[in-house]
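At position 21 of the sequence shown (counting the first as 1) the number is 20 in numbering that gives the first Met the number 0, and the numbers step up by one without a gap.
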Amino acid sequence: MRIPRIYTGQELQANADLVLEPGPSQHLSRVLRMKVGDALVLFNGSGGQYPATISAIDRKSVVVACAALEAVECESPLYLQLGIAVSRGERMDWVVQKATELGVACIAPLVSERTEVKLGAERGEKKLRHWQQVATSACEQCGRNRLPQVLPPQPLEHWLKTVQADVRLVLHHTAGNTDPGSSMPASVALLVGPEGGLGESEIHSAGQAGFVSLQLGPRILRTETAPLAAIAILQARWGDMAGPGAD
């Protein structure tokens with residue numbers, strides 16, 4: 000059985016006992032049906048991980064004994080930010096999950112002129128908590144010990160004015176590629192529109208904010224496919240998927 004990795008928001012210390020929160024406790028005891036003496040790995044998003052062993056289980060909580068910190072990191076050297084228009088159904092969850100697995104450092108859900116999902120304040124907060132949990136679960140699965148930042152939903156224009164990155168790219172299937180240069184950047188911002196694409200005024204605003212166009216081949220990709228293909232390409236060119244001899 001694979002040793003489960005569990006995120007906790009609590010402070011972790013070597014050679015200390017810890018009572019896990021209700022969510023992780025129920026997952027370990029009721030879903031995975033783990034028992035006293037079983038092994039797991041804990042992380043809290045601040046870096047590194049702690050091997051641990053279950054020392055007690057009751058109906059509401061699981062107590063674990065932490066071992067020494069393991070300074071394990073698998074973060075990409077490329078700080079990659081994804082600004083993506085909110086999409087319907089499970090497609091946004093899919094993008095958040097897979098972008099986390101691919102090493103994105105920051106995800107900004109955006110509201111553009113063609114965004115069909117309506118997010119009021121209350122629903123926006125609920126969606127944000129949900130996306131953060133999706134990202135956390137993806138970190139547990141893929142081995143990341145640092146959670147990506149998931150920002151609150153915001154207007155596209157606001158993100159364009161505030162995002163900071165060495166290279167800024169916007170996916171635009173009708174435009175030709177603009178060469179972002181051969182030097183290796185420390186950070187990249189990637190902008191992806193909704194199902195209907197970005198409006199002409201939004202593409203113009205992105206250009207005014209320093210974004211250059213990126214086209215992913217001759218086919219039109221769905222809004223949940225395009226960002227993942229682009230992220231993989233960027234990680235292969237400048238990140239931790241780059242092979243020997245990469246620029």
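No residue lacks a Cβ here, since even glycine has one placed at the ideal position from N, Cα and C. Fair warning: this is a prediction, and the values are worked out from it, not measured in the lab.
Reduced DSSP category for residue i - H, G, I as helix; E, B as strand; rest coil
{"i": "Arg4", "result": "strand"}
{"i": "Pro184", "result": "coil"}
{"i": "Ser212", "result": "strand"}
{"i": "Cys73", "result": "coil"}
{"i": "Ala245", "result": "For Ala245, the predicted structure reports a pLDDT of 49, less than 50, and the residue's modelled location is therefore unreliable. A value from the coordinates is still provided. Coil at Ala245, not helix or strand."}
{"i": "Arg221", "result": "coil"}
{"i": "Gln153", "result": "strand"}
{"i": "Gln148", "result": "strand"}
{"i": "Lys34", "result": "coil"}
{"i": "Ala13", "result": "coil"}
{"i": "Ser28", "result": "helix"}
{"i": "Gln140", "result": "helix"}
{"i": "Arg236", "result": "helix"}
{"i": "Arg87", "result": "coil"}
{"i": "Gly195", "result": "coil"}
{"i": "Gly44", "result": "coil"}
Limits of the alpha helix (DSSP H) - the one that residue i falls within
{"i": "Asp16", "result": "No alpha helix (DSSP H) contains Asp16, which is instead part of the beta strand (DSSP E) from Asp16 to Val18."}
{"i": "Ser24", "result": "Pro21 to Gln25"}
{"i": "Gln207", "result": "Glu199 to Gln207"}
{"i": "Leu170", "result": "Note, Leu170: premise wrong, no alpha helix (DSSP H); beta strand (DSSP E) at Val166 to Leu170."}
Rounded separation between residue i and residue j - CA only
{"i": "Ala66", "j": "Glu10", "result": "14 Å"}
{"i": "Cys138", "j": "His157", "result": "28 Å"}
{"i": "Ala104", "j": "Pro50", "result": "24 Å"}
{"i": "Gln48", "j": "Leu68", "result": "6 Å"}
{"i": "Arg128", "j": "Trp93", "result": "15 Å"}
{"i": "Gly22", "j": "Ala120", "result": "25 Å"}
{"i": "Gln234", "j": "Glu72", "result": "16 Å"}
{"i": "Arg221", "j": "Asp16", "result": "47 Å"}
{"i": "Arg58", "j": "Leu146", "result": "29 Å"}
{"i": "Ser28", "j": "Lys34", "result": "7 Å"}
{"i": "Gln96", "j": "Gly36", "result": "31 Å"}
{"i": "Gln25", "j": "Thr135", "result": "16 Å"}
{"i": "Ala229", "j": "Val116", "result": "23 Å"}
Paired residues, beta bridge with residue i - DSSP
{"i": "Ala51", "result": "Leu39 and Cys65"}
{"i": "Gly248", "result": "Here the chain has residues from 0 to 246 only, and residue 248 is not among them."}
{"i": "Gln132", "result": "Answer by DSSP bridge pairing: none, since Gln132 is not bridged."}
{"i": "Ile56", "result": "Val61"}
Near the ligand SAH: residue i beta-carbon under 8 Å from a heavy atom
{"i": "Glu201", "result": "The ligand SAH is absent from the structure shown, which contains no ligand whatsoever."}
Entirely enclosed beta strand (DSSP E) segments - the segment 92-120, minimum 3 residues:
105-110
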